[in-house]
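Protein sequences appear in the order of chains A and B.
FYI, in the numbering used here the residues of the first sequence are 1 to 319.
FYI, in the numbering used here the residues of the second sequence are 1001 to 1319.
Here is the structure we will look at, set down as structure tokens.
2 protein chains.
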Amino acid sequence: MAVDSDCKENFADQLITAIREKNSCAVVGLDPHFKLIPETIKQKLSGSQKQVLEYASRVILEFNTQVIDLIAPHVGIVKPQIAFYELYGWWGVWAYTETIRYAKQKGLIVIGDVKRSDVPRTAEAYADAHIGKVNIDDVVEAPFGADALTVNPYLGTDSMRPFIQTAQKYKKGIFVLVKTSNPDSGEFQDLRCGEKKLHEIVAEKTHAWGRDFVGKQGYSAVGAVVGATFSHEISILRKIMPTAYFLVPGYGAQGATAKDIECCFNPDGLGAIINASRSILYAHAVSPWKEKYGMSSWKNATHEAIIKMNDEIQNILDS
Amino acid sequence: MAVDSDCKENFADQLITAIREKNSCAVVGLDPHFKLIPETIKQKLSGSQKQVLEYASRVILEFNTQVIDLIAPHVGIVKPQIAFYELYGWWGVWAYTETIRYAKQKGLIVIGDVKRSDVPRTAEAYADAHIGKVNIDDVVEAPFGADALTVNPYLGTDSMRPFIQTAQKYKKGIFVLVKTSNPDSGEFQDLRCGEKKLHEIVAEKTHAWGRDFVGKQGYSAVGAVVGATFSHEISILRKIMPTAYFLVPGYGAQGATAKDIECCFNPDGLGAIINASRSILYAHAVSPWKEKYGMSSWKNATHEAIIKMNDEIQNILDS
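Shown next as structure tokens:
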């Protein structure tokens, strides 16, 4: 089977190229919330669908394409969270797939935030589905076609191997959940196992899993999800995983500020991508854009919000 | 919003009713493997589809409906593994949805093996999608409509709460990954955190999460996934989680035998459901059925395999 990725670079190199091209290490989380999507989009599509899950999914896809058009000049990476698509059933998963396709047409790198994990044979199916290919009677298709995906490490190395191998084969990336951004993340992740905390041991493994997949710029195709809400832990994790790209959620709506994420970066100004979802997509619903624009001018709000986010992160990197 | 589950029993009671009706605590894992699906089904559907992912998904659904018809007299519970549907993209997720619908029409309990987890707001979307409902402009739909789902605990209590609350609201169930059946499951799950192993601490939490959701038969709607390949650990886990139903994978193709799963049960003969997937669905491809029947008589092989599995488990329970 010919692999179209033969000519591609290591995923981390692709990531760094995108960051440099747009001069932005922001990631826009494409997390649809039906209630917050502007009425103009809903009105355009209302009445033409057989059922409500199809209607909602078409609204979501239309909104996403407009958001992608708006942000593509300013950011190189998007991250659809599949939970907010599964909420609309298989129609929602159709919208997820078409969102990925559209984002890639616009030259964006797409991280599928799916947090999958399972025993090895099942993990292989997830890997092939999300970042690999499936062979049906010698016809080869990429079911979802994302560039990278997020994975949960609880099942151990053999459950991670199919993701790592598939990423290697197709020059894709994975981001291992190491330390998450939710308030109770410490309950298991911070447990002391001998000298170390559990998430530090997971970090050591993540570094080891990525050791053989380091690209020309010194970063690995195996990255880590590290919550921006725990800056003390981040500094330690940065040392344990010097070559891992950190996917950092929690900027904006989840409470972390640009200052919190300073320690995610290496001295070279690389090593982290910072995600914001609701604070960009639904900027029209939050201050200061809410007062300035409101829903009818949502594009202005989203446009200003992404530029502000880029500026804030750049200020931190320059300081 | 009216909840149609007002008249339903606790999920664990529903489970026990199904077990008693069929006199079987087997779960058939509906894990499609396209290559192993009989040619007769493929020929029936070949040529009529626009593209290969649709074709494969229609083949899978047709196979599943025939399997469900075959096994429904003998087992009360099925467990589709969503990874093997995602492998065919959104068409595959359509087949997953329709499989659940058909199994429920036939009166079966459906456990969606999705192993989801995420931060609280995202976990809520997963819970609503898989076992709950979504409200779109006051139209309410159940996107996937499973009776229970499997979840990954790595993110802690606040990430589990949306699943538990949604299960409670709609009288559904969850199964928390406590100790998995893969060879490397011990890498993190067996780490010593003070006096206890990590999976024992997860088990204690699982017991606590389920404490308020115990049904009339003494079992909780919050169950646990416990690999049958580790019988020493199972005995300890049985004591830590006396009221949790164990969902036990690993019977048949994954190598565990009926003897291995003996310690999953409580003295009342309840407390565990035993999953087999490939050894039932593709019985025609393995000994002794392979020699006896072959692919053209696959229904005979599957039929005999499920009866044999029921008998083996019953022998253990009687001994």
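By construction, the Cβ of each residue, glycine as well, lies at the ideal position given by its N, Cα and C atoms.
Beta-carbon gap between residue i and residue j smaller than 8 angstroms
i, j, result
"residue 29 of chain A", "residue 277 of chain A", "yes"
"residue 208 of chain A", "residue 159 of chain A", "no"
"residue 1275 of chain B", "residue 1247 of chain B", "yes"
"residue 142 of chain A", "residue 1086 of chain B", "no"
"residue 270 of chain A", "residue 219 of chain A", "yes"
"residue 1077 of chain B", "residue 1316 of chain B", "no"
"residue 201 of chain A", "residue 26 of chain A", "no"
"residue 203 of chain A", "residue 237 of chain A", "yes"
"residue 1181 of chain B", "residue 1250 of chain B", "yes"
"residue 102 of chain A", "residue 68 of chain A", "yes"
"residue 57 of chain A", "residue 95 of chain A", "yes"
"residue 1194 of chain B", "residue 1012 of chain B", "no"
"residue 119 of chain A", "residue 150 of chain A", "no"
"residue 293 of chain A", "residue 301 of chain A", "yes"
Opposing strand residues paired with residue i [DSSP bridges]
i, result
"residue 1193 of chain B", "B:1196"
"residue 275 of chain A", "A:27"
"residue 1315 of chain B", "DSSP lists no partner for residue 1315 of chain B."
"residue 141 of chain A", "A:134"
"residue 1247 of chain B", "B:1225, B:1273"
Member of the options whose CA lies at the smallest distance from the CA of residue i
i, options, result
"residue 73 of chain A", "A:310, A:273, A:144", "A:310"
"residue 170 of chain A", "A:154, A:152, A:134, A:204", "A:134"
"residue 1245 of chain B", "B:1297, B:1067, B:1112, B:1224", "B:1224"
"residue 1089 of chain B", "A:16, A:43, A:140", "A:140"
"residue 183 of chain A", "A:229, A:138, A:67, A:154", "A:229"
"residue 286 of chain A", "A:260, A:307, A:252", "A:252"
"residue 197 of chain A", "A:155, A:214, A:240", "A:240"
"residue 1111 of chain B", "B:1125, B:1174, B:1092", "B:1174"
"residue 1148 of chain B", "B:1109, B:1306, B:1037, B:1161", "B:1109"
"residue 1051 of chain B", "B:1031, B:1037, B:1092, B:1011", "B:1092"
"residue 1403 of chain B", "B:1301, B:1189, B:1144", "Coverage of chain B is limited to positions 1001 through 1319, which leaves residue 1403 of chain B absent and any answer about it impossible."
"residue 243 of chain A", "A:233, A:206, A:260, A:262", "A:206"
"residue 1097 of chain B", "B:1120, B:1033, B:1131, B:1166", "B:1131"
"residue 60 of chain A", "B:1213, B:1017, B:1038, B:1136", "B:1136"
"residue 1162 of chain B", "B:1079, B:1146, B:1125", "B:1125"
Interface partners of residue i on chain B, CB under 8 angstroms
i, result
"residue 193 of chain A", "1191, 1192, 1193, 1198"
"residue 225 of chain A", "Within 8 angstroms Cβ-Cβ: nothing; residue 225 of chain A doesn't reach chain B, min ~10 angstroms."
Cross-chain neighbours of residue i in chain A, by beta carbon under 8 angstroms
i, result
"residue 1153 of chain B", "154, 188"
"residue 1157 of chain B", "184, 187"
"residue 1214 of chain B", "None at all; the shortest Cβ gap to chain A is about 23 angstroms."
"residue 1177 of chain B", "154, 155"
"residue 1163 of chain B", "By Cβ distance, chain A contributes nothing, its closest Cβ being about 12 angstroms from residue 1163 of chain B, past 8 angstroms."
"residue 1202 of chain B", "188"
Contact list for residue i against chain B, beta-carbon separation under 9 angstroms
i, result
"residue 247 of chain A", "The contacting residues do not exist; residue 247 of chain A stays about 13 angstroms from chain B at best."
"residue 94 of chain A", "1089, 1090, 1091, 1093, 1094"
Buried/exposed call for residue i, threshold 16 Cβ in 10 Å
i, result
"residue 40 of chain A", "exposed"
"residue 179 of chain A", "buried"
"residue 264 of chain A", "buried"
"residue 1024 of chain B", "buried"
"residue 3 of chain A", "Note that residue 3 of chain A scores 46 on pLDDT, short of 50, meaning its location in the model is unreliable and no value can be drawn from it."
"residue 1211 of chain B", "exposed"
"residue 43 of chain A", "exposed"
"residue 1153 of chain B", "buried"
"residue 1288 of chain B", "exposed"
"residue 81 of chain A", "buried"
"residue 199 of chain A", "buried"
"residue 1035 of chain B", "exposed"
"residue 116 of chain A", "buried"
"residue 21 of chain A", "exposed"
"residue 1031 of chain B", "buried"
"residue 1165 of chain B", "exposed"
"residue 1260 of chain B", "buried"
"residue 954 of chain B", "Chain B is shown from 1001 up to 1319; residue 954 of chain B falls before or after that span and cannot be answered."
"residue 46 of chain A", "exposed"
"residue 235 of chain A", "exposed"
"residue 1054 of chain B", "buried"
"residue 187 of chain A", "buried"
Residue i: contacting residues in chain A (beta-carbon distance under 7 angstroms)
i, result
"residue 1097 of chain B", "89, 90"
"residue 1115 of chain B", "117, 118"
"residue 1122 of chain B", "81, 83"
"residue 1141 of chain B", "52, 53"
"residue 1170 of chain B", "Near residue 1170 of chain B there are no residues of chain A at all, since even the closest Cβ is about 15 angstroms away, more than 7 angstroms."
"residue 1134 of chain B", "87, 88"
Neighbour list for residue i in chain B, Cβ cutoff strictly below 7 angstroms
i, result
"residue 180 of chain A", "1119, 1155"
"residue 126 of chain A", "1083, 1086"
Heavy atom of the ligand FAD within 7 angstroms of residue i beta-carbon
i, result
"residue 1250 of chain B", "Of the ligands one can find in the structure shown there are none, so the ligand FAD has no counterpart to examine."
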